[in-house]
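Written below as structure tokens is the structure these notes are about.
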Amino acid sequence: MKRKNQIRRVLFLFILFSVCLNAQNEPIALSGVNLWHNGSFTPNRTVLIEKGIIKEIYETGAKKLIDSVKEIDLKGHYIIPGLIDTHVHMGMGNRALPRSPDTARLEFKRWIYSGVTSVRDMGGDARLLAYENRLIFRNENPGPEVYFSSTFGGNDMMDKDIRMKIITQGVEMENAGWTQRATPEMDVKLSVTLAKGSLVSGIKFYAGIDADLIKEITEEAHKQGLKSWGHLTVFPNRPIEVIEAGVDVVSHVWGAFWQDEDVDPTKRIPFTHTNFNNARTAIYPADLSNLNADSPELKMLLDEMVKRNVIWDINYSVYNTKMHDLYRAYAMAASNAGVMLSTGTDYYNDITDPYPTVFKEIEDLVIDGILTTAQVLEAATLNGAKAIGIENTHGTIEKGKIANLVVLRKNPIEDIKSIRAIEFTMKNGNIFYRKDYK
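Those letters in the sequence shown? Residues -23 to -1, 1 to 415, by mature numbering (1 follows the signal peptide of the UniProt record, and there is no 0).
Here it is as structure tokens:
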């Protein structure tokens, strides 16, 4: 435990040092602003930022600013933490780096100018993600911080899924730390070490892994300072088995469908969906009519998630009307049970749309009555930071934290669509004015 705390302190200092190197050197005071804190706005605050770090927060006028500080008058504005999308795929997929770096960079740019300061990539080519992260870090390209994962799957998945071959081009799969076969014969410690060496922040469990092995890998991941992420249903297991294996974050509303006693997740092995086009057929039960969001089985699952503080990255937005009603019922059950939710999307809209998909996710959760405006802001900020494992430095506006912020012209508590009224985004102390977005 002592060694783990020492490692955490070193990592914390490294993050702060890195931010200072990358941040705007000129001290900035955001004055007269309504500050988001603990579920409400506190009026007339000044936020003093130096080298990308929040140095002080106090009532505007309580202290005199020195001449070297650049003051930005934000009277009548509202400041919230930077938004976080906890489920993207820039390392593989239709808008991903392997297919089109230029298009991917347009998405990175749109995110940062829309207030999204961090994203969690849930499976892709870590080499390309790390490279883009460096370009973004050095301010050569605009974009959010990108935290990415290593995909773990069973033999059948790794042999059949063409996406795994695409993201490991140029190397043998067993040497790609960001894509690992998870089998009973594996060297768990070595596999997790390879993943960590790929600069990932967590392990993602996809399919074809028994719960006992998920538990063993999760324990090793935690020892090495990585998070444990996975689908809520990792076939052939029921969701409750995935939760009991100790994962930190689970994804997708549909994962909860497989907790129902009338469906059998073991029938989804062997692996069937070899690309995104046929994924939906593979992940949904064949007959949705028997699913029941009021079932005792679902209640047991949700209670266990609350007990273990598991975050549900639910990927709520869906366009099919029938499926939307089902998603809403399950998401409402989770919210009523007190499950911690984060705002992840797992899809992209047209790049010409002025705002990325996480805005629809945030707004739909409020419009459909799943979360209040205050709750959804927490889901899109602090809960996202917890999902990634960066809550000590991100997710809230506090002294000593990294200055990842969004300044709004309207109050999002009164109308959640006011998250679109962006004056500017601040990331690591650097400002991106929305009016400059082209």
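The beta carbon of each residue, even a glycine, is placed where N, CA and C say it ideally should be.
Pairwise C-beta distances place the stretch 302 to 320 in contact with the stretch 342 to 362, as three or more of them are shorter than 8 Å.
Uninterrupted alpha helix (DSSP H) stretches at least 4 residues long and entirely within the stretch 302 to 362 occur at 335 to 344 and 350 to 356, given in chain order.
Shortest Cα-Cα distance from Gly321 to any of Val383, Gly101, His66 and Ile390 involves His66. With contacts defined by Cβ atoms closer than 7 Å, Ile89 and Pro121 form a contacting pair. Between Leu385 and Met403, the C-beta spacing is not below 7 Å.
For the pair Gly185 and Gly131, the CB atoms are nearer than the 7 Å cut-off. 7 Å or more divides the Cβ of Ala362 from the Cβ of Ile26. Lys378 and Val10 have their C-alpha atoms spaced approximately 18 Å apart. Membership of Ser8 in the beta strand (DSSP E) is indicated by the continuous run Ile5 to His14. Put simply, of Arg285, Glu274, Asp239 and Val287 the residue whose alpha carbon is nearest the alpha carbon of Asp264 is Asp239. Partner residues in the beta bridge of Asn407, as assigned by DSSP, are Lys404. For Trp88, the enclosing alpha helix (DSSP H) starts and ends at Pro78 to Tyr90. The distance from the Cβ of Lys40 to that of Asn2 is about 21 Å, inconsistent with a contact at the 8 Å cut-off. Taking all protein chains in view, the Cβ of Leu105 is crowded by 16 or more other Cβ atoms within 10 Å, so the residue is classified as buried. If only complete runs of 4 or more residues are kept, the stretch 232 to 275 shows the alpha helix (DSSP H) at 256 to 260, in order along the chain.
Counting every other CB atom within 10 Å of its CB across the protein chains shown gives Gly366 a total of 16 or more, marking it as buried.
The alpha carbon of Ser319 has as its nearest neighbour, out of Val226, Glu221, Ser205 and Trp235, the alpha carbon of Val226. With contacts defined by Cβ atoms closer than 7 Å, Ala198 and Ile180 form a contacting pair. If you check the CB distance, Val316 and Leu268 do not come in under 7 Å.
Restricting attention to alpha helix (DSSP H) runs no shorter than 4 residues, the stretch 84 to 169 encloses them at 103 to 114, 132 to 137 and 139 to 143, ordered along the chain. Here Gly174 carries a helix assignment [DSSP, helix/strand/coil].
Sequence-distant partners of Gln201 (beyond 5 residues in either direction) whose C-beta falls short of 6 Å from its own C-beta, in its chain, are Val169 and Lys173. Note on Pro20: under 16 other CB atoms within 10 angstroms of its CB, so exposed under the neighbour-count rule. Per DSSP, the continuous beta strand (DSSP E) segment holding Asp62 begins and ends at Leu60 to Val65. For Glu391, the three-state secondary structure derived from DSSP is coil. In the three-state reduction of the DSSP assignment, Arg285 falls in the coil class. When DSSP states are grouped into helix, strand and coil, Ile367 belongs to the coil group. Partner residues in the beta bridge of Val24, as assigned by DSSP, are Leu7 and Ile34. In the assembly as shown, Ser17 is an exposed residue. Its beta-carbon has fewer than 16 other beta-carbons within 10 Å. Judged by DSSP secondary structure, Val227 falls within the beta strand (DSSP E) whose first and last residues are Val226 to Ser228. With a cut-off of 8 Å on Cβ pairs, the stretch 146 to 165 is not in contact with the stretch 110 to 121, counting fewer than three such pairs.
Look at Val383 here: in three-state DSSP terms it is strand.
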